[in-house]
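See below for the structure under consideration.
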Amino acid sequence: TIWARATLGLKGTVLASAIDTKDVAEHLVRQGKPQNISITMWAMATMGAEARNLASAVDREDVVEKLLQEGTLQAISNTIWALATLGIEARNFASAVDRKYIVQKIVQEGKPQDIANTI
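Under this note's numbering, residue 143 is the last one in the sequence shown; the count climbs by one each step, no gaps.
What follows is the structure in structure tokens.
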């Protein structure tokens with residue numbers, strides 16, 4: 025899997041390229057759980073892989089709401105970390121995380137790593 029390859033420090037350019045196609049990225053954000061999305065984003069960033077199509081799909085308003093409403097704080101913080109690490113400006117995601125209730129949730133309920141990844 026992409027997560028396992030990233031965890032082992034392996035490069036997965038063929039796999040990463042396949043994931044970052046528009047069709048696969050759209051399928052992932054439509055069908056995947058927030059944890060699946062955030063782990064994939066984390067792995068792509070950890071590997072330094074191109075993830076423009078995936079990031080674009082993640083930054084759609086409906087996907088942002090799915091991540092914020094259904095995702096754990098770790099999923100949210102991993103996703104924002106991955107976007108920042110990849111140097112991708114995800115305006116919808118960034119402005120949604122800036123909402124007062126999300127910031128309060130992260131600060132009050134988050135682990136120190138969640139807070140550090142997000143702020």
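Idealized CB from N, CA, C, for every residue including glycine.
CB of residue i within 8 Å of CB of residue j, strictly
| i | j | result |
| --- | --- | --- |
| Ala120 | Val88 | yes |
| Thr96 | Phe117 | no |
| Leu110 | Ala140 | no |
| Leu39 | Arg54 | no |
| Val82 | Ile63 | no |
| Met65 | Ala106 | yes |
| Ala73 | Thr37 | yes |
Residue i (DSSP reduced to helix, strand or coil)
| i | result |
| --- | --- |
| Ile104 | helix |
| Lys57 | coil |
| Lys46 | helix |
| Lys35 | coil |
| Ala114 | coil |
| Glu74 | coil |
| Arg29 | helix |
| Lys135 | coil |
Proximity test, Cβ basis, 8 Å: residue i and chain B
| i | result |
| --- | --- |
| Val131 | As a matter of chain content, chain B is missing from the structure shown, which is built from one protein chain. |
Beta-carbon proximity list for residue i, same chain, < 6 Å, skipping 5 on both sides
| i | result |
| --- | --- |
| Glu94 | Pro58 |
| Ala75 | Asp44, Met68, Leu110 |
| Lys135 | none |
Run of the alpha helix (DSSP H) containing residue i, from where it starts to where it stops
| i | result |
| --- | --- |
| Asp2 | One cannot answer for residue 2 here, as it falls past the ends of the chain, which runs 25 to 143. |
Same chain, Cβ closer than 8 Å to residue i, neighbours up to 5 away in sequence not counted
| i | result |
| --- | --- |
| Thr144 | As displayed, the chain neither begins before 25 nor continues past 143, which places residue 144 out of reach and without an answer. |
| Glu133 | Leu97 |
Beta-carbon proximity list for residue i, same chain, < 7 Å, skipping 5 on both sides
| i | result |
| --- | --- |
| Leu92 | Ile100, Ala120, Ile126 |
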